[in-house]
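The block underneath contains the structure these notes are about, expressed in structure tokens.
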Amino acid sequence: MSQKTPRVSLGYQEAYLLDPRGPGSSLRLDTPAWVTWLAEATTTRFAYPVFDPAHGYIVGYMTVRKERRQRGGTYWTAYRRCGRTVRKVYLGHAATLTYTRLTAIAQAFREASGAAQRTP
């Protein structure tokens with residue numbers, strides 16, 4: 002993952018985006034500024050932490066990318082390596098990228114990764 006990739010930092014019941022393009026600034030998720038940032042043409046990806054509550058720490062990151070549709074328009078997709086497979090989850094338009102939804106997708110990736118490690 003590049004040093005230039007914006008990264009989400011988790012807090013208690015909230016999350017903030019840390020963008021290296023604007024040092025010293027952070028955006029709170031689920032705010033109008035967050036949706037505006039997602040809609041910008043220069044915004045193409047960010048990293049979201051996969052937190053393991055059983056151990057109390059971040060076990061990795063999922064990459065969330067803006068992709069173009071063949072018929073026009075953009076949508077967001079999350080990617081994470083689980084074992085030997087890269088898994089992909091469709092997220093939809095910028096308005097659907099909420100803290101709750103991203104956390105649920107990260108948890109699903111964590112569970113899939115744990116299942117991939119248990120199978121031979």
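Using my numbering, you'd call the opening residue of the sequence shown number 2 and step up by one each time. From the three backbone atoms N, C-alpha and C, an ideal C-beta is built for every residue, glycine too.
Query, Result
"Residue environment, Ser10, which counts as buried when at least 16 other CB atoms sit within 10 Å", "exposed"
"Ala16 to Arg29 span [Cα, whole Å]", "6 Å"
"Touch test, the region 30–42 against the region 54–64, Cβ-Cβ under 8 Å, three pairs minimum", "no"
"Best match in Arg81, Glu41, Ala109 for proximity to His94 [C-alpha to C-alpha]", "Glu41"
"Classification of Pro21 by the beta-carbon crowding that lies within 10 angstroms, buried from 16 upward", "exposed"
"Alpha carbon of Cys83 to alpha carbon of Glu112, nearest angstrom", "9 Å"
"Extent of the continuous beta strand (DSSP E) to which Leu39 belongs", "Not the beta strand (DSSP E): Leu39 falls in the alpha helix (DSSP H), residues 33–40."
"Residue from Arg102, Pro33, Leu18 whose Cα sits closest to the Cα of Ala79", "Arg102"
"Nonlocal neighbours in the same chain, by C-beta distance under 8 Å from Ala96, ignoring five residues either side", "Val36"
"Neighbourhood of Phe47 by C-beta, 6 Å cutoff - its chain only, sequence neighbours within 5 removed", "Pro7, Val65"
"Gly12 versus Thr44, Gly23, Pro50, residue with shortest Cα-Cα distance", "Pro50"
"Pairwise C-alpha distance: Tyr58 and Ser114", "15 Å"
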